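Take a look at the structure set out below.
Numbering (my numbering), first residue to last: 2 to 175.
Below, the structure is given as structure tokens:
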């Protein structure tokens, strides 16, 4: 059920983006192209950091760098944890909090034609808070401002919420 819902959300986003791009005038198209390029640069930079966070410094330096790609008031809304948290804290919690030793492998990314939305399919894996192995697949849908910065991130998992919470906080998935 949840997987179907995720697919429907992504399909709807793609449809809205293609309709709005098709209705744009020439000057709107130039603005849209610029916004798309700025969003693509943000998406690429975040992916590069996630691919090798150790190359970007300490935990604190990595989190601060990731936070520069979001607006100061941007929030990450996590479906399974029912949490809205500022992006800086969400990056820290996802990668490093307590005994968490995790990574995010981005499998595929999309950007809407107008650059207002991006999405990614990813795997979150590592050692959870209790030292147990875990691996979860998920989808994120980001909203971007005119500068390409993330203003909101919605995180979804194709599992029951209890399974996700147990994977990250309990006995893991391994």
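Beta carbons: idealized from backbone N, C-alpha and C, even for Gly.
Given the structure is predicted, the values throughout are model-derived calculations rather than measurements.
Taking the beta strand (DSSP E) that residue i falls in, what are its first and last residues?
| i | result |
| --- | --- |
| residue 150 | Neither: residue 150 is in no beta strand (DSSP E) and is coded neither H nor E. |
| residue 94 | Unbroken run through residue 94 is the alpha helix (DSSP H), 88-96; no beta strand (DSSP E). |
| residue 75 | 71-79 |
Kindly identify the DSSP beta-bridge partner or partners of residue i.
| i | result |
| --- | --- |
| residue 111 | 120 |
| residue 106 | 124 |
| residue 84 | 79 |
| residue 139 | 123 |
| residue 144 | 118 and 153 |
| residue 134 | 128 |
Measure the CB-CB distance between residue i and residue j and report whether it falls below 8 angstroms.
| i | j | result |
| --- | --- | --- |
| residue 89 | residue 103 | no |
| residue 135 | residue 95 | no |
| residue 77 | residue 156 | yes |
Pull up the distance between the alpha-carbon of residue i and that of residue j, whole angstroms please.
| i | j | result |
| --- | --- | --- |
| residue 146 | residue 117 | 7 angstroms |
| residue 22 | residue 115 | Confidence is the limiting factor: at residue 22 the pLDDT is only 49, short of 50, which leaves the residue's position unreliable and the question unanswerable from this model. |
| residue 101 | residue 140 | 20 angstroms |
| residue 133 | residue 172 | 6 angstroms |
| residue 154 | residue 53 | 21 angstroms |
| residue 70 | residue 144 | 12 angstroms |
| residue 45 | residue 79 | 22 angstroms |
| residue 149 | residue 163 | 34 angstroms |
| residue 170 | residue 131 | 7 angstroms |
| residue 112 | residue 106 | 18 angstroms |
| residue 62 | residue 83 | 27 angstroms |
Is the shortest distance between the beta-carbon of residue i and the beta-carbons of chain C less than 8 angstroms?
| i | result |
| --- | --- |
| residue 56 | Among the chains in the structure shown there is no chain C, since it carries only a single protein chain. |
Comparing the CB of residue i with every heavy atom of the ligand NAD, is any distance shorter than 7 angstroms?
| i | result |
| --- | --- |
| residue 40 | The ligand content of the structure shown is nil, which means the ligand NAD is not present either. |
The alpha helix (DSSP H) that contains residue i, what's its start and end?
| i | result |
| --- | --- |
| residue 168 | 162-170 |
| residue 68 | 60-68 |
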